[in-house]
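Participant: Quick one: the structure is below, and I'll ask about it shortly.
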Amino acid sequence: MPLFKLPGVHVPHHKNTANLKATKMPIPHEVLIPMSMHIGAPAKPLVQAGDKVKVGQKIAEAGGYISSPIHASISGTVKKMEDILMSNGNYVPAILIESDEKMEVSESVKPVELTDQASFVQAIKESGIVGLGGAGFPTYVKLDVKDLSKIEEVIINCAECEPYITADTRTMIDNIDDVEKGVQLLKQYLQAKKIIFGIENNKKEAIASLQTLAQKDDTLSVHILPAIYPQGGEKVLIYHSTKKVVPEGKLPLDVGVVILNITTLAMIAKYIETGMPLVEKVVTVDGSCVAKPQNVIVPIGTKLKEVFAYCEGFKTSPYKVMYGGPMMGIAVPNLDVPILKSTNAILAFNEKEAHLPEPSACIKCGRCINHCPLHLNPPAFAKALELDQPEELEKLKVNLCMECGVCSFICPAKRPLVQNNRLAKAELRRYITKKKEEEKENE
Amino acid sequence: MLDKTKQTNEIHQSEPDVQIASHSADTKPTDAYQVDHPFYVSSSPHIFSKSTTQKIMLDVLIALLPATIASIVLFGYKALILVLVCTASAVFFEWAFQKICKQKIVIGDLSAAVTGLLLALNLPSSVTWWQGMIGSLIAVVVVKGLFGGIGKNFANPAITSRIIMLLAFGTVGASVQPVIGDITSSATPLAILPAKLPVQTLGEMFIGLRGGAIGEGCIAALLLGFIYLLVRKVITWHTPVVYIGTVFVLSFLLNGDLEITLYEILSGGLFLGAIFMATDYTTTPSRPLGKVIFAVGCALITVAIRRWGNLPEGVSYSILFMNILTPYIDKWVEKKPFGGVKHE
Chain A
170 MPLFKLPGVH VPHHKNTANL KATKMPIPHE VLIPMSMHIG APAKPLVQAG DKVKVGQKIA
230 EAGGYISSPI HASISGTVKK MEDILMSNGN YVPAILIESD EKMEVSESVK PVELTDQASF
290 VQAIKESGIV GLGGAGFPTY VKLDVKDLSK IEEVIINCAE CEPYITADTR TMIDNIDDVE
350 KGVQLLKQYL QAKKIIFGIE NNKKEAIASL QTLAQKDDTL SVHILPAIYP QGGEKVLIYH
410 STKKVVPEGK LPLDVGVVIL NITTLAMIAK YIETGMPLVE KVVTVDGSCV AKPQNVIVPI
470 GTKLKEVFAY CEGFKTSPYK VMYGGPMMGI AVPNLDVPIL KSTNAILAFN EKEAHLPEPS
530 ACIKCGRCIN HCPLHLNPPA FAKALELDQP EELEKLKVNL CMECGVCSFI CPAKRPLVQN
590 NRLAKAELRR YITKKKEEEK ENE
Chain B
-6 MLDKTKQTNE IHQSEPDVQI ASHSADTKPT DAYQVDHPFY VSSSPHIFSK STTQKIMLDV
54 LIALLPATIA SIVLFGYKAL ILVLVCTASA VFFEWAFQKI CKQKIVIGDL SAAVTGLLLA
114 LNLPSSVTWW QGMIGSLIAV VVVKGLFGGI GKNFANPAIT SRIIMLLAFG TVGASVQPVI
174 GDITSSATPL AILPAKLPVQ TLGEMFIGLR GGAIGEGCIA ALLLGFIYLL VRKVITWHTP
234 VVYIGTVFVL SFLLNGDLEI TLYEILSGGL FLGAIFMATD YTTTPSRPLG KVIFAVGCAL
294 ITVAIRRWGN LPEGVSYSIL FMNILTPYID KWVEKKPFGG VKHE
């Protein structure tokens, strides 16, 4: 354990659904599946309007190296292809499938035969699995390690540090068998010598479940972290479990670490065993407006309104609905948007919670800089942005900001600090692109 | 910059749709709400800590309450008048200044009240009501308002105002004795230390039975406030502990006598300054290491002025001087971004 811990904040936990086993919702009437539910190039559709599709059938292929195929989550008819507005502001093609209420499984779904690492990586690529902790980075890319001896530790991210979300917690309790099988796969095909489960201390039942698993196997260890947000941040978790610092611009693998989310690991095992690709997700449905907060197994592409309806709708009218947790989650414009591969929670907040507090003058209390897990200086970013000094932003390393939201959360003056950091990061990207172009011209 | 960041709190213009109820055949629609209004969208985070500027200032006022009560007990109705006049006029002058300058009125953040109360506690009871009002005017208008208001001033308003008053009015430097106790004719401890010991016992010093500013004497009350601020996490221990600790060590090294040293640290405005003035957010460093450097600097200057200067007391001057160095200390102790690599 490192001598100096990275700072963070105590956020309210609201793990209201931790004791609720996920239940399967009824077959949705339709699913809307966007071609971009992962980091990287959008997938390319393989079906057309009018086509019949079955559960697990590949309906879009990977659009590049960093990309992921997409599979039908229900059986039925492709009604249409349409461009939908995603939360990042881009329009992305999406496939609308109307259910035939049969949930017929595709013939392509059968247990996967593995021979070596290459076949393992290829299988994961075909499974459409992406980082299920929320980032959505194609998992096979992480596992596609050329030199396996470079891997010193595999870290399984079980931190689930965002308030409300308990989807990973349920994985550790309900699907511990899949976790165990996943561990075996990692040992066999990645030659993992040391597998560390990093988990926050507020999940007693899940910790017990992991510890039982770890007792059977010397390669496994459970690293219990304080419940201080953001323990689940990749760099934070790697540092706290191994003392290793991932340098700017490098990947965890450069310091000998492969890091996977716990639900991703369980999903890998499930896919190898059954051949059913990533077509459904455990989603925590919570927030003050939800009549019956619970964990729901949802087919990917199901519209939010159907998921909320399964949870008996709203007890008070929602004014803000978001994907993911309240610290890094993305607010949605309406309830017609679909559950994505990386969606681990949907939350509905009431009118009072929806309003942002009014910002006032900075009083230089220093809480943002003393609580930033990455030792950054948000007020300095704001100043450099205001004065239009991108070279200063470069020196201050605004590009390292992971947008965890600690600074905005802790600020007593309620200043939009992380929001400012996002603008500053975009400004810095523009500046660097421009600088590179100028350098090219000069050559 | 504000324009760029003001993407928040706008209602997304999408059609209000969604009749959640009765959509899914398998669920009972009875409890479901119909959403007939647009949603708020904003970038994360969507939750915020409960702490606000106003709550922080209120905590400081609560922490000053024991010292304020002690000052009234020790110095009588004159102290009460001084506290009321300074606090009320500080709030009034801030309001008037913001009104005249057509700024947003922010007296509700209570920072002017804190400044006024701190100023009053730093003055002796011989200061008249109109002098107190001028002091408040200097603090909130000249030292704070003219530099841009809360968070923008480079020097502590109460301390700077006290120093200006010290130069302007003879009554401010006076060492007025408490109205209770039987030591009314004794000399100020700091004026005779370290050559002679004061007539008070250390216990009497601890509860404030000695001359000086109304709020600085009762160490017990100040420590109570310090504990409250620590518990409420308004300040950290660094500045007060290092400041007082360094003064203690330096004084001990200079006079070599434990009793004299204890008298030294209990005298003057050391505790009031270290706990309430040297911990002001705006005018002191933000990082713990910066706070330690700031506190050591304050202690060096305080001891130097007390020992070799013409003045009996140096707390105010030391804090003001270190206020000026604060931006440099902040820069000096800036942390390296985690995982950041140097550019060529």
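Going line by line, the protein sequences match chains A and B.
Each number in the working numbering comes from the position in the first sequence (counting from 1) with 169 added on.
Numbering follows the working numbering, with no gaps: position 276 of the second sequence is 269.
Glycine is no exception: its CB is placed at the ideal position from the N, C-alpha and C atoms.
Here the structure is a predicted model, which is why all the values come from computation and not from measurement.
Which residues of chain A have a Cβ atom closer than 8 Å to the Cβ of Val34(B), listed in chain order?
Facilitator: Lys489, Ala500, Val501 and Pro502
Participant: Whole angstroms is fine: what's the gap from Lys417(A)'s alpha carbon to Phe41(B)'s?
Facilitator: Sequence inspection shows Glu at residue 417(A); the Lys mentioned does not correspond to that position. Cα to Cα, the separation comes out at about 29 Å.
Participant: Does any C-beta atom of chain B lie closer than 9 Å to the C-beta of Phe483(A)?
Facilitator: yes
Participant: Which bits of chain A does Ile360(B) rub up against, with CB to CB less than 7 Å?
Facilitator: For chain B, the structure presents residues -6 to 337; residue 360(B) sits outside this window and is missing.
Participant: Thr453(A) bridges to which residues according to DSSP?
Facilitator: Asn464(A) and Ala514(A)
Participant: Any Cβ of chain A within less than 9 Å of the Cβ of Tyr274(B)?
Facilitator: yes
Participant: When you compare only the Cα positions, how much space is there between Ser35(B) and Leu75(B)?
Facilitator: 48 Å
Participant: Report the neighbours of Lys329(B) on chain A: residues whose CB is nearer than 7 Å to its CB, in chain order.
Facilitator: His544
Participant: Within its chain, find whatever has a CB closer than 7 Å to the CB of Ile298(A); leave out the 5 residues flanking it on each side and keep chain order.
Facilitator: Excluding five sequence positions before and after Ile298(A), the CB atoms of its chain that fall closer than 7 Å to its own CB belong to Thr308, Thr433, Met436, Ile437, Tyr440 and Leu447, given in chain order.
Participant: On the three-state DSSP scale, how would you describe Leu318(B)?
Facilitator: helix
Participant: Against chain A, with Cβ distances strictly below 9 Å, would Phe41(B) count as a contact?
Facilitator: yes
Participant: DSSP three-state label for Ile477(A), please.
Facilitator: According to the sequence shown, residue 477(A) is Phe rather than Ile. Helix, per DSSP.
Participant: Cβ of Val200(A) within 8 Å of any heavy atom in the ligand MG?
Facilitator: Absence of the ligand MG is noted for the structure shown, with no ligands found whatsoever.
Participant: Closest Cβ-Cβ distance between Val334(B) and chain A: below 9 Å?
Facilitator: yes
Participant: Roughly how many angstroms lie between the CA atoms of Lys279(A) and Met445(A), to the nearest whole one?
Facilitator: 7 Å
Participant: Tell me whether Cys541(A) is buried or exposed, calling it buried when 16 or more other Cβ atoms sit within 10 Å of its Cβ.
Facilitator: With 16 or more other Cβ atoms within 10 Å, it is buried.
Participant: Does chain B have any CB closer than 9 Å to the CB of Arg591(A)?
Facilitator: yes
Participant: Helix, strand or coil for Thr80(B) per DSSP?
Facilitator: helix
Participant: Is any beta-carbon of chain A found at less than 9 Å from that of Asp136(B)?
Facilitator: It should be noted that the sequence gives Val, not Asp, for residue 136(B). With 9 Å as the cut-off, Val136(B) does not count as an interface residue toward chain A.
Participant: Within 10 angstroms of its Cβ, does Tyr260(A) collect 16 or more other Cβ (buried), or is it exposed?
Facilitator: exposed
Participant: Give a yes or no on whether the minimum CB-CB distance between Lys407(B) and chain A is below 9 Å.
Facilitator: The question about residue 407(B) has no answer, for chain B in this structure spans -6 to 337.
Participant: Who are the neighbours of Phe518(A) on chain B, taking C-beta pairs under 8 Å?
Facilitator: His39
Participant: Can you tell me which of the three DSSP states Asn589(A) falls into?
Facilitator: Under the three-state reduction of DSSP output, Asn589(A) falls in the helix class.
Participant: Residues in its own chain within less than 7 Å of Gly233(A) by CB, not counting five upstream and five downstream?
Facilitator: Gly209 and Ala210
Participant: By the 10 Å Cβ neighbour count, where 16 or more other Cβ atoms means buried, how is Thr319(B) classified, buried or exposed?
Facilitator: buried
Participant: Look at Leu301(A) and Lys605(A) and say whether their C-beta atoms are less than 9 Å apart.
Facilitator: no
Participant: With which residues is Lys489(A) paired in a DSSP beta bridge?
Facilitator: Bridge partners of Lys489(A): Phe518(A).
Participant: Using C-beta distances below 8 Å, list every residue in its chain close to His231(B), excluding the 5 sequence neighbours before and after it, in chain order.
Facilitator: Pro281, Lys284, Val285 and Ala288
Participant: Mind listing the chain C neighbours of Lys404(A)? Cutoff is C-beta to C-beta under 9 Å, in chain order.
Facilitator: Here the protein chains are A and B, and chain C is not one of them.
Participant: To which residues does DSSP link Tyr398(A) through a beta bridge?
Facilitator: DSSP output for Tyr398(A) lists Val178(A) as bridge partner(s).
Participant: Answer yes or no: do Cys534(A) and Ile431(A) have a C-beta to C-beta separation smaller than 9 Å?
Facilitator: no
Participant: Could you name the residues that DSSP lists as bridge partners for Val323(A)?
Facilitator: Ile364(A) and Val427(A)
Participant: Got a sec? Which residues, its chain only, sit under 8 Å from Val178(A) by beta carbon, not counting five neighbours each side?
Facilitator: Ile397, Tyr398, His540, Val575, Phe578 and Ile579
Participant: Using beta carbons (cut-off 9 Å, strictly below), is Ala396(A) in contact with chain B?
Facilitator: no
Participant: How long is the line joining the alpha carbons of Ile157(B) and Lys412(A), rounded to whole angstroms?
Facilitator: 53 Å
Participant: Could you pull the DSSP bridge partners for Lys227(A) from this structure?
Facilitator: His240(A)
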